[in-house]
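Trainee:
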Amino acid sequence: MTARVSELPEALVRKRMNEMLETCQRTNTKPGVLKLAQQLGLSNTTFRRRFPDIARELGPLRSSTSP
């Protein structure tokens, strides 16, 4: 079941983001907005519209993290 965007608090999204970053570091993979959006049951576009600050934060992390 997909969560409604309005029901997703930013604190939960940030928690999932931190979990994803830890996993990416552990598995030597790159973090990404699409990856996080999919984990939350959202499309990339919906995630970027609803959480633009988090999407902007992930951009530099993706480009600075080595695969």
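Going by the numbering used here, the residue at position 23 of the sequence shown is 25; the numbering climbs one at a time, nothing skipped. Every residue, glycine too, gets a C-beta built ideally from N, C-alpha and C.
#1: Could you tell me which of Glu24, Arg51 and Thr29 sits nearest to Glu2, measuring between CA atoms?
#2: In angstroms with no decimal places, state the Cα-to-Cα distance between Ser65 and Pro33.
#3: In whole angstroms, what separates the C-alpha of Ile56 from that of Arg28?
#4: When DSSP labels each residue in this structure, what does Leu63 get in the three-state scheme?
#5: Round the Cβ separation of Gln40 and Met22 to the nearest angstrom and send it over; I've been treating them as touching at under 8 Å.
Mentor: Reading off the structure:
#1: Examination of residue 2 is not possible in this model, given that the chain is present from 3 through 69 alone.
#2: 9 Å
#3: 21 Å
#4: helix
#5: Gln40 to Met22, Cβ: 10 Å. No contact.
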